[in-house]
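Taking the working numbering, I'd label the letters of the sequence shown as residues 48 to 353. Have a look at the structure below, then the notes.
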Amino acid sequence: MSGNAGGTSGTAEGVDVGAGVELGRVRQMWHLLEPLHAVLYYAPEAFEEAAALGYGTEERWPSYFPYRAAPLGAVGSERVTSAFYSFSPRMVAEHVESAWRTASPVEVLKARERAVDRAYRAIFGDRISSPELTKAAVLARRAAEAANTAGRPLAAANAELAWPEASHLQLWHAATILREHRGDGHLAALLVAGLDPVESLVSFAAIGAASVERFESRGWTPEEWTAARQRLVGRGLLTEDGTATDAGRELRRQVEQHTDELAAAPWQALGPDAVGQLADLLGEFWVAVLGSGLLPSETTLGIGKV
């Protein structure tokens, strides 16, 4: 995961979404908080906790799916596929169908909290109890508690969980609610744009958000990828070689702006001054996470590129 935390696309910069908060700031907060959430999927402590439950650790997916889906309860693969959207249903079924036979959602939730606690202590050291982290947690929690979760299943499931007591765990929990709130809104924006799960990845790769090889991690076959590309070519969104046309770039710009707009309400509620203060406070922890080397340099989220 790379890119300038303050970087935003030019289309978002300067667009006021109310209460003095601009879309550029909304996207910046995603850039800052996403790495703080994502340590769960990459930290060695998370793999150790997953292994103790009985999940495989040869790659991240056997623990990724239960860790992320556990707030939903012991749901089947169809509901996880719906909530996660861009993963192949076959890939989801492979990991979810057996997930709750290995450990219950309650056990997984306890394990992920232990994993984040250990990982944050390893990454932040003495800063785990700093006034800066404590204040950041307070502000992030205020934003998360202001998030309207109607129509947002992953955000709602995480928001329903009890808040942990420790400030660093509150920070992670808030980051998780806010990133899933944004993610749920992003899926709505993709639906409005008429992009199905695999088309959403093909169109994102076409604007250079990440390499095609990186998007292959979502489990779609070459035949499914090619068919989606041809559908987008037919709509005038891609060229035959798979790059985005002007219309394709404009559609993706609209998707990202719509996502920012749908993610803005918690930051409006927090207010521009507090949002700016939180952004400043998060900087050192964002740097620490990126500096840990745990996160990949390229992800399917397009952070730093959109």
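Think of the CB as a built atom: it goes at the ideal place given N, C-alpha and C, for glycine as much as any other residue.
Three-state class that DSSP yields for residue i in the structure shown
i: Glu125; result: helix
i: Ser49; result: Residue placement at Ser49 is flagged as unreliable, the pLDDT there being 33, under the threshold of 50; a coordinate-derived value is accordingly withheld.
i: Leu285; result: strand
i: Ala190; result: helix
i: Glu105; result: coil
i: Ala130; result: helix
i: Gly71; result: helix
i: Ala321; result: helix
i: Ala291; result: strand
i: Asp231; result: helix
i: Thr273; result: helix
i: Ala13; result: For residue 13 there is no data in the structure shown, the boundaries of the chain being 48 and 353.
i: Leu364; result: No statement about residue 364 is possible, as the shown extent of the chain runs from 48 to 353 and does not include it.
i: Glu135; result: The question names Glu, yet the displayed sequence has Ser at residue 135. Looking at Ser135 - three-state DSSP - the assignment turns out to be coil, as it is neither helix nor strand.
Spatially closest choice to residue i from the options, by CA coordinates
i: Trp108; options: Asp327, Leu309, Arg265 and Phe332; result: Arg265
i: Ala190; options: Leu208, Ala158, Ser214 and Ile224; result: Ile224
i: Gly338; options: Ile170, Arg276 and Gly283; result: Ile170
i: His220; options: Leu83, Ala150 and Thr346; result: Leu83
i: Gly198; options: Glu179, Pro178, Leu218 and His228; result: His228
i: Asp164; options: Glu331, His215 and Ala275; result: His215
i: Thr181; options: Tyr132, Ala146 and Leu218; result: Leu218
i: Arg299; options: Pro313, Phe332, Leu234 and Pro319; result: Leu234
i: Arg276; options: Glu260, Ala294, Ala253 and Ala150; result: Ala253
i: Glu263; options: Leu87, Leu341, Val185 and Met138; result: Met138
i: Ala193; options: Ala206, Pro200, Arg159 and Leu201; result: Ala206
Cα-Cα separation, residue i to residue j
i: Gly241; j: Arg168; result: 43 Å
i: Glu270; j: Val245; result: 11 Å
i: Ala66; j: Leu317; result: The predicted model places Ala66 with a pLDDT of 49, which falls under 50 and marks its position as unreliable, so this point remains unresolved.
i: Ala236; j: Ser250; result: 14 Å
i: Pro178; j: Leu329; result: 12 Å
i: Asp307; j: Glu141; result: 32 Å
i: Thr292; j: Leu284; result: 5 Å
i: Glu92; j: Val239; result: 39 Å
i: Ala187; j: Phe134; result: 29 Å
i: Ala274; j: Val322; result: 43 Å
i: Val143; j: Ser124; result: 6 Å
i: Ser110; j: Val302; result: 30 Å
i: Trp314; j: Pro211; result: 22 Å
i: Ala99; j: Ala150; result: 10 Å
i: Val155; j: Leu208; result: 13 Å
i: Tyr114; j: Pro152; result: 8 Å
i: Glu60; j: Arg72; result: Low confidence applies to Glu60: its pLDDT is 42, below 50, so where it sits in the model is not reliable, and the reading given next is rough at best. Answer to the nearest angstrom: the Cα atoms are 8 Å apart.
i: Ala213; j: Lys157; result: 14 Å
i: Glu106; j: Glu69; result: 38 Å
i: Leu341; j: Glu95; result: 15 Å
i: Pro343; j: Ser129; result: 25 Å
i: Asp288; j: Tyr132; result: 25 Å
i: Val334; j: Gln75; result: 14 Å
- Message: Quick check on the DSSP output: what are the complete alpha helix (DSSP H) runs of length 4 or more inside the region 140-213, in order along the chain?
- Response: 146-149, 152-171, 178-192 and 200-206
- Task: Give, in chain order, every unbroken run of the alpha helix (DSSP H) that is at least 4 residues long and sits entirely within the region 216-269.
- Result: 244-253 and 259-262
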